[in-house]
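Number of protein chains: 2
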Amino acid sequence: MTTYGGPPAFGSFPAPVERLIVQFSKLPGIGRKSAQRLAFFVLTLSESEAAEFGEAVAAAKRDTRLCETCMNITDVSPCAVCRNDKRDRALVCVVSMPQDVAAVERTREYKGLYHVLHGVISPMSGKSPDDVEIASLLARVQKGGVAEVILATDPDTEGDTTALYIARLLAPHPVRVTRLAYGIPIGGRLEYSDETTLLRSLEGRREL
Amino acid sequence: MTTYGGPPAFGSFPAPVERLIVQFSKLPGIGRKSAQRLAFFVLTLSESEAAEFGEAVAAAKRDTRLCETCMNITDVSPCAVCRNDKRDRALVCVVSMPQDVAAVERTREYKGLYHVLHGVISPMSGKSPDDVEIASLLARVQKGGVAEVILATDPDTEGDTTALYIARLLAPHPVRVTRLAYGIPIGGRLEYSDETTLLRSLEGRREL
Numbered sequence: 196m197t198t199y200g201g202p203p204a205f206g207s208f209p210a211p212v213e214r215l216i217v218q219f220s221k222l223p224g225i226g227r228k229s230a231q232r233l234a235f236f237v238l239t240l241s242e243s244e245a246a247e248f249g250e251a252v253a254a255a256k257r258d259t260r261l262c263e264t265c266m267n268i269t270d271v272s273p274c275a276v277c278r279n280d281k282r283d284r285a286l287v288c289v290v291s292m293p294q295d296v297a298a299v300e301r302t303r304e305y306k307g308l309y310h311v312l313h314g315v316i317s318p319m320s321g322k323s324p325d326d327v328e329i330a331s332l333l334a335r336v337q338k339g340g341v342a343e344v345i346l347a348t349d350p351d352t353e354g355d356t357t358a359l360y361i362a363r364l365l366a367p368h369p370v371r372v373t374r375l376a377y378g379i380p381i382g383g384r385l386e387y388s389d390e391t392t393l394l395r396s397l398e399g400r401r402e403l
Numbered sequence: 196m197t198t199y200g201g202p203p204a205f206g207s208f209p210a211p212v213e214r215l216i217v218q219f220s221k222l223p224g225i226g227r228k229s230a231q232r233l234a235f236f237v238l239t240l241s242e243s244e245a246a247e248f249g250e251a252v253a254a255a256k257r258d259t260r261l262c263e264t265c266m267n268i269t270d271v272s273p274c275a276v277c278r279n280d281k282r283d284r285a286l287v288c289v290v291s292m293p294q295d296v297a298a299v300e301r302t303r304e305y306k307g308l309y310h311v312l313h314g315v316i317s318p319m320s321g322k323s324p325d326d327v328e329i330a331s332l333l334a335r336v337q338k339g340g341v342a343e344v345i346l347a348t349d350p351d352t353e354g355d356t357t358a359l360y361i362a363r364l365l366a367p368h369p370v371r372v373t374r375l376a377y378g379i380p381i382g383g384r385l386e387y388s389d390e391t392t393l394l395r396s397l398e399g400r401r402e403l
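For the record, the sequence lines run as chains A and B. The first sequence begins at 196 in this note's numbering and counts up by one. The second sequence begins at 196 in this note's numbering and counts up by one.
Right, here's the structure in full:
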């Protein structure tokens with residue numbers, strides 16, 4: 196056919212759309228094709244809706260920080276949990292990620308405080324103890340007033356290693372160190388545990 | 196245990212994070228849990244990276260518009276295809292969505308112009324012919340210079356209905372109206388077709 200042939204004239208999307216696709220592609224689990232789908236969804240929004248969405252992305256990072264006490268992500272430091280007089284300040288639950296705090300809170304039974312490590316010790320990923328919030332946990336314990344540290348890292352190799360490392364580090368200090376009980380399926384993720392399983396883990400925690 | 200019990204004190208995330216989760220939840224195929232995962236990924240970015248991401252979301256909508264000729268999404272109107280002197284202006288390929296333009300462009304063989312409907316006629320979704328860019332297509336044909344209109348809507352009920360509707364509308368006009376050939380699997384989506392299948396569909400297009 197005479198209407199076909201010749202060099203490709205136009206292969207991609209307008210620059211602002213292409214830039215958004217690139218940004219969406221950086222998100223975990225989002226490939227190029229999904230990123231396109233998301234970008235074109237944004238184009239179906241009104242300009243003010245898209246602006247609001249964009250502002251929410253920027254603000255989530257800009258308007259949050261780490262709580263000076265527990266290292267959880269918060270908009271006001273100390274965070275709502277650390278400021279709450281009704282929480283048991285002698286009890287500290289150590290979790291890997293901020294999402295894990297939300298999971299434990301969903302049990303509606305835990306009344307202690309938290310400490311968020313922001314990761315686990317992982318030689319494979321080049322994460323040493325200095326790369327997670329272990330020094331701040333130790334300082335917190337040394338300051339006194341903590342009777343028990345519950346190690347609630349995920350029950351996998353890296354989570355167990357991290358728990359063991361912290362347990363050894365805290366051994367010289369007058370603090371009870373416990374680990375969540377079995378109940379969370381091995382290989383599973385704390386973040387996705389149902390409330391009942393997680394509550395049972397809390398109740399059955401054992402000395403480490 | 197004395198350390199447990201009492202009302203839930205803290206159930207969700209800091210407001211800026213919660214707002215971002217809500218925004219991500221609006222995206223197609225993203226549920227609450229995925230939205231949380233994406234929001235926490237954004238928190239791992241630097242503040243300038245998050246700001247850049249947010250700006251990309253706002254800019255994608257703010258800095259694009261519809262091409263005055265073909266209704267495709269573009270940063271400059273008329274769009275790059277419509278401005279290109281090497282394209283065959285007598286040939287117009289009618290597609291449902293901007294993504295479909297990119298799919299046809301990937302054949303690297305099509306040299307005509309486009310017309311983007313931004314949807315299909317769908318009584319089920321309450322989309323009438325007035326809700327898609329059919330009037331602008333008719334005006335374009337009436338203006339003259341168009342020898343052939345290729346109807347490249349998806350080969351499903353709504354795409355076929357829309358193609359038939361447009362074919363009838365254009366019947367009184369001195370223009371050839373064709374439909375993409377079979378080759379695209381029925382029930383499939385134009386957007387995801389491989390180049391070879393799509394090229395075969397173009398070459399085998401038939402009178403409607």
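Where is the CB? At the ideal position from N, CA and C, for every residue including glycine.
Reduced DSSP secondary structure (H/G/I, E/B, other) of residue i
i: B:Ile-345; result: strand
i: B:Leu-375; result: coil
i: A:Leu-397; result: helix
i: A:Arg-363; result: helix
i: B:Arg-282; result: coil
i: B:Ser-388; result: coil
i: A:Val-276; result: helix
i: B:Gly-383; result: coil
i: A:Ala-204; result: Interpretation of A:Ala-204 is limited by its pLDDT of 35, a score under 50 that renders its predicted location unreliable; the figure taken from the coordinates is listed afterwards. DSSP places A:Ala-204 in coil when its eight states are reduced to three.
i: A:Asp-355; result: helix
i: B:Glu-300; result: helix
i: B:Val-336; result: helix
Status (buried if at least 16 other CB within 10 Å, exposed otherwise) for residue i
i: A:Gly-382; result: exposed
i: B:Arg-363; result: exposed
i: B:Tyr-137; result: Residue 137 of chain B lies beyond the stretch modelled for chain B, which goes from 196 to 403, so this question has no answer here.
i: A:Ser-396; result: buried
i: B:Val-336; result: buried
i: A:Glu-263; result: exposed
i: A:Met-266; result: buried
i: B:Ala-251; result: buried
i: A:Met-319; result: exposed
i: A:Gly-224; result: exposed
i: A:Lys-228; result: exposed
i: A:Phe-219; result: buried
i: B:Thr-239; result: exposed
i: B:Asp-349; result: buried
i: B:Thr-352; result: exposed
i: B:Asp-295; result: buried
i: B:Glu-300; result: buried
i: A:Ser-291; result: buried
i: A:Gly-200; result: For A:Gly-200, the predicted model reports a pLDDT of 36, less than 50, meaning its position is unreliable; a value from the coordinates is still stated below. Exposed: under 16 other Cβ atoms inside 10 Å.
i: A:His-310; result: buried
i: B:Pro-211; result: buried
i: B:Thr-197; result: Caution is warranted here: a pLDDT of 36 is assigned to B:Thr-197, below 50, making its placement in the model unreliable, and the coordinate value is therefore given only provisionally. Exposed.
i: B:Ala-330; result: exposed
i: A:Gly-249; result: buried
Which residues DSSP lists as bridging residue i, in chain order
i: A:His-310; result: A:Val-289
i: A:Ser-317; result: A:Lys-322
i: B:Ile-268; result: B:Leu-261
Contact with chain A by residue i, beta-carbon distance below 9 Å
i: B:Glu-263; result: no
i: B:Ile-316; result: no
i: B:His-214; result: In the sequence as presented, His is not what sits at residue 214 of chain B; that position holds Arg. Closer than 9 Å: yes.
i: B:Pro-369; result: no
i: B:Val-217; result: yes
i: B:Pro-209; result: yes
i: B:Ser-241; result: yes
i: B:Ser-229; result: yes
i: B:Asp-258; result: yes
i: B:Arg-335; result: no
Beta carbon proximity, residue i to chain B, threshold 9 Å
i: A:Pro-293; result: yes
i: A:Lys-221; result: yes
i: A:Gly-224; result: yes
i: A:Tyr-360; result: no
i: A:Ala-376; result: no
i: A:Gly-321; result: no
i: A:Asp-326; result: no
i: A:Glu-171; result: Shown here, chain A extends from 196 to 403; a query on residue 171 of chain A therefore has no answer.
i: A:Gly-249; result: yes
i: A:Ile-329; result: no
i: A:Thr-391; result: no
i: A:Asp-270; result: yes
i: A:Leu-385; result: no
i: A:Val-237; result: yes
Check: residue i C-beta below 8 Å from any heavy atom of the ligand SAH
i: A:Leu-222; result: Although the ligand SAH was asked about, the structure shown includes no ligands whatsoever.
Enumerate, from N- to C-terminal direction, the unbroken alpha helix (DSSP H) stretches of 4 or more residues contained entirely within the region 206 to 259 of chain B. 210 to 220, 227 to 239, 242 to 257
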